[in-house]
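Number of protein chains: 2
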Amino acid sequence: MSESAEPSPSNGPPSARPQDRPGAKGDEARTPPKAVVSRLSLYLRELQRVLRNGDQTISSSQLGKMLGFTDAQVRKDLAYFGQFGHPGVGYRCEELVAAIRRILGTDREWVVAIVGVGNLGRALLGYRGFRPQGFRVAAAFDSDPAKVGMSFGGVAVEPISSLESTVRQHGVTLGLIATAAESAQGIADRLVAAGVVGILNFAPVTLSLPEGVALVGVDLATELEQLSFSVANRQTTARASPPMGDSR
Amino acid sequence: MSESAEPSPSNGPPSARPQDRPGAKGDEARTPPKAVVSRLSLYLRELQRVLRNGDQTISSSQLGKMLGFTDAQVRKDLAYFGQFGHPGVGYRCEELVAAIRRILGTDREWVVAIVGVGNLGRALLGYRGFRPQGFRVAAAFDSDPAKVGMSFGGVAVEPISSLESTVRQHGVTLGLIATAAESAQGIADRLVAAGVVGILNFAPVTLSLPEGVALVGVDLATELEQLSFSVANRQTTARASPPMGDSR
DNA sequence: CCTTGTGAACGACTTCACAGCC
DNA sequence: GGCTGTGAAGTCGTTCACAAGG
Chain H
2 MSESAEPSPS NGPPSARPQD RPGAKGDEAR TPPKAVVSRL SLYLRELQRV
52 LRNGDQTISS SQLGKMLGFT DAQVRKDLAY FGQFGHPGVG YRCEELVAAI
102 RRILGTDREW VVAIVGVGNL GRALLGYRGF RPQGFRVAAA FDSDPAKVGM
152 SFGGVAVEPI SSLESTVRQH GVTLGLIATA AESAQGIADR LVAAGVVGIL
202 NFAPVTLSLP EGVALVGVDL ATELEQLSFS VANRQTTARA SPPMGDSR
Chain Z
2 MSESAEPSPS NGPPSARPQD RPGAKGDEAR TPPKAVVSRL SLYLRELQRV
52 LRNGDQTISS SQLGKMLGFT DAQVRKDLAY FGQFGHPGVG YRCEELVAAI
102 RRILGTDREW VVAIVGVGNL GRALLGYRGF RPQGFRVAAA FDSDPAKVGM
152 SFGGVAVEPI SSLESTVRQH GVTLGLIATA AESAQGIADR LVAAGVVGIL
202 NFAPVTLSLP EGVALVGVDL ATELEQLSFS VANRQTTARA SPPMGDSR
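Taken in order, these protein sequences are the chains called H and Z. So the first sequence is numbered by my numbering: it starts at 2 and just counts up by one. So the second sequence is numbered by my numbering: it starts at 2 and just counts up by one.
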């Protein structure tokens, strides 16, 4: 699991923001129900697999069964963002993939930087799954002089001192923190100051970030603890990934 | 984020299982509210930090503020499992740490095996954060003959063919899958057949497991997608870690 | 006075069930 | 026939607010 806290006024006031495609006849849903977005990623992954299999369309019940959700849930989730289905037919996979990518914001490329080139940082640098989903790792930093200059996954490790300049130069918008717990907050502050707007934190600490900067945390020990609990209580299946460190 | 689906009858029937400390005057809560368990891990992590800082007690509002939760939420969460607080004082950290570990099941040692010794598998083998939380990595497997025999983090890599025998021999109960997507389901089946009761899946696929086997999934691309969405919609802070692949 | 534990109120999410369309 | 989109109903989880304890 990872973290899942929200800042103090997490669910707070509805704070309806515009931008939610105002016009249109039906005038779609408003607030993006938190859990829905998680499932969107799963739908996307499944749809891409279905496409590779050669199928052109899929129904809400088929998609739901693949992931353990009900058909109604799938339809409701998608309906929050518009009308993507075709009655009597189902959803056209390519169409839906494009729609979900647009919703998630992965229809464009995000430039990411990784801080901390230990075991985990190197694994992230070598991970092939980011690119096809719209994430390009453009830089890596480490405080160990011995690592500076080395390359992993085609990315050269730079000293932490050049974090600000490199982030600005490459237009990095997302930062992955794979440092020791003690350094994480300081690095987060520097990334934010340099213009990063989202952080994926692997360090086992709760980060404090200013409003407007998104945070997702993944704590490996925490994930195992969720497993441990599930096993100790023998629930059928645990949720896939839990929340982790939150801001504030 | 990671996965978060449940099997078909996810929330299904209450299925009150015994073992929930039946007796006692108040007769505590029954069903473990899903999200609560995630937060328990966060409370634990925070409490351990507070303890290292030298503080002996903490109030629900202090603990809540550290994580972005309300004081009521913290108290309710803990109340699901018993009465751990002391009115007028707060919670004694050591006491609460012990209680949470017991609840999560990490007051004993879990023997884990890692399958797939690529970048990610090696990172997991080298991760120092498992041991202190009650997880001991006892074995690692890879299908690449070139890797067999090598050691990472003090664990020797074995061929996949010895998976069953080694799992049984060491009494492995949890399996970490860090293979390519295509191999994951097959490995999961073999792990389960060999007696593993919980799986932490890092491969970007939805696994199907028999009832009774717990599953937690962490998909790195999926986590980044959650970030992307949050940034694109500029919510204050995203949930730390989303759900991922589910079973079924 | 401070802090917990908890019923009750509230709100969010899920499931149901059906009208409409292919 | 199969399937989507959606109001209505129901369930689950969070916040309130207060009684009781130290």
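Beta carbons are placed, not taken as given, at the ideal position from N, Cα and C, and that holds for glycine.
Candidates the options: closest to residue i by CA position
i	options	result
residue 44 of chain H	Z/165, Z/94, Z/226	Z/226
residue 83 of chain Z	Z/97, Z/71, Z/73, Z/90	Z/97
residue 207 of chain H	H/195, H/213, H/187, H/196	H/187
residue 55 of chain H	H/162, H/93, H/176	H/93
residue 172 of chain Z	Z/113, Z/161, Z/68	Z/113
residue 151 of chain H	H/111, H/163, H/123	H/123
residue 116 of chain H	H/198, H/106, H/105, H/143	H/143
residue 134 of chain H	H/198, H/36, H/81, H/103	H/103
residue 175 of chain Z	Z/61, Z/160, Z/131	Z/131
residue 75 of chain Z	Z/36, Z/49, Z/181, Z/53	Z/36
residue 40 of chain Z	Z/185, Z/101, Z/50	Z/101
residue 233 of chain Z	H/89, H/59, H/197	H/197
residue 125 of chain Z	Z/201, Z/235, Z/48	Z/201
residue 139 of chain Z	Z/177, Z/50, Z/107, Z/184	Z/177
residue 193 of chain Z	Z/68, Z/212, Z/183, Z/118	Z/212
residue 183 of chain H	Z/59, Z/88, Z/53, Z/118	Z/53
residue 88 of chain H	H/105, H/67, H/107, H/59	H/59
residue 181 of chain H	H/154, H/153, H/120	H/120
Supposed contact pair residue j and residue i - C-beta distance, whole angstroms, cut 8 Å
i	j	result
residue 203 of chain H	residue 217 of chain H	The pair is not a contact, with the Cβ atoms about 10 Å apart (cut-off 8 Å).
residue 179 of chain Z	residue 156 of chain Z	The pair is not a contact, with the Cβ atoms about 13 Å apart (cut-off 8 Å).
residue 169 of chain H	residue 147 of chain H	That pair is no contact at about 26 Å.
residue 85 of chain Z	residue 79 of chain Z	5 Å
residue 221 of chain H	residue 81 of chain Z	Actually they do not touch by this definition, with Cβ atoms about 25 Å apart.
residue 165 of chain H	residue 191 of chain H	7 Å
Under 7 Å by beta carbon: chain H residues contacting residue i
i	result
residue 53 of chain Z	Within chain H, no residue comes near residue 53 of chain Z; the closest Cβ sits about 11 Å away, beyond 7 Å.
residue 107 of chain Z	226, 229
residue 67 of chain Z	207
residue 201 of chain Z	224, 225, 228
residue 116 of chain Z	Within 7 Å Cβ-Cβ: nothing; residue 116 of chain Z doesn't reach chain H, min ~15 Å.
7 Å Cβ cut-off: residues of chain Z touching residue i
i	result
residue 130 of chain H	205, 221, 222
residue 33 of chain H	234
residue 198 of chain H	232
Proximal chain Z residues relative to residue i, where beta-carbon distance stays under 9 Å
i	result
residue 85 of chain H	Those do not exist, as residue 85 of chain H stays about 17 Å from chain Z at its closest Cβ, beyond 9 Å.
residue 175 of chain H	225, 228, 229, 232
residue 127 of chain H	119, 120, 121
Neighbour list for residue i in chain H, Cβ cutoff strictly below 8 Å
i	result
residue 47 of chain Z	207
residue 134 of chain Z	222, 225, 226
Per-residue contacts from residue i into chain Z (C-beta, under 8 Å)
i	result
residue 233 of chain H	105, 106
Classification of residue i by the beta-carbon crowding that lies within 10 angstroms, buried from 16 upward
i	result
residue 46 of chain Z	buried
residue 57 of chain H	exposed
residue 229 of chain H	buried
residue 145 of chain H	exposed
residue 205 of chain Z	buried
residue 231 of chain Z	buried
residue 7 of chain Z	Annotation note: pLDDT 35 at residue 7 of chain Z (below 50); position unreliable, coordinate value reported separately. Flag for residue 7 of chain Z reads buried.
residue 189 of chain Z	buried
residue 159 of chain Z	buried
residue 224 of chain H	buried
residue 42 of chain Z	buried
residue 73 of chain H	exposed
residue 99 of chain H	exposed
Chain H residues whose Cβ lies nearer than 9 Å to that of residue i
i	result
residue 186 of chain Z	The premise fails here: residue 186 of chain Z is roughly 12 Å from chain H at the closest Cβ pair, so nothing lies under 9 Å.
Whole alpha helix (DSSP H) elements within the region 161-204 of chain H, 4-residue minimum: 164-171, 182-194
Mind pulling the alpha helix (DSSP H) runs of 4 or more residues that sit fully within the region 38-96 of chain Z? 61-68, 72-80
Starting from the N-terminal side, write out each stretch of the beta strand (DSSP E) that is 3 residues or longer and does not extend beyond the region 122-165 of chain H. 136-143, 156-160
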